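Please read the structure below before turning to the comments.
In the UniProt record's numbering, the protein residues as written are 1 to 61.
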């Protein structure tokens, strides 16, 4: 995923499916300068990770 798309998803009022290694995640924050995102697992919101934005995949219908 590109950094601009991650920012769009974060700001979108709609739920957009995003995965990290096949696991559904929710984007909490985008760090443009570091090209990283803070995400949490949809199944376990306490599980927070900071990842390179390029490791995320958008699931398109």
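Glycine included, each C-beta is placed from N, C-alpha and C at the ideal position.
Quantities reported herein were computed from a predicted structural model and do not represent experimental measurements.
Minimum C-alpha distance to residue i - residue among the options
| i | options | result |
| --- | --- | --- |
| residue 30 | 45, 24, 3 | 3 |
| residue 43 | 11, 5, 22, 7 | 22 |
| residue 56 | 11, 38, 20, 10 | 20 |
Contact under 9 Å by Cβ, residue i with residue j
| i | j | result |
| --- | --- | --- |
| residue 28 | residue 53 | no |
| residue 18 | residue 40 | no |
| residue 1 | residue 58 | yes |
| residue 15 | residue 32 | no |
Residue i versus residue j: straight-line alpha-carbon distance, rounded
| i | j | result |
| --- | --- | --- |
| residue 45 | residue 37 | 15 Å |
| residue 12 | residue 49 | 21 Å |
Those runs of the alpha helix (DSSP H) which lie wholly inside the stretch 14–44 and span at least 4 residues: none
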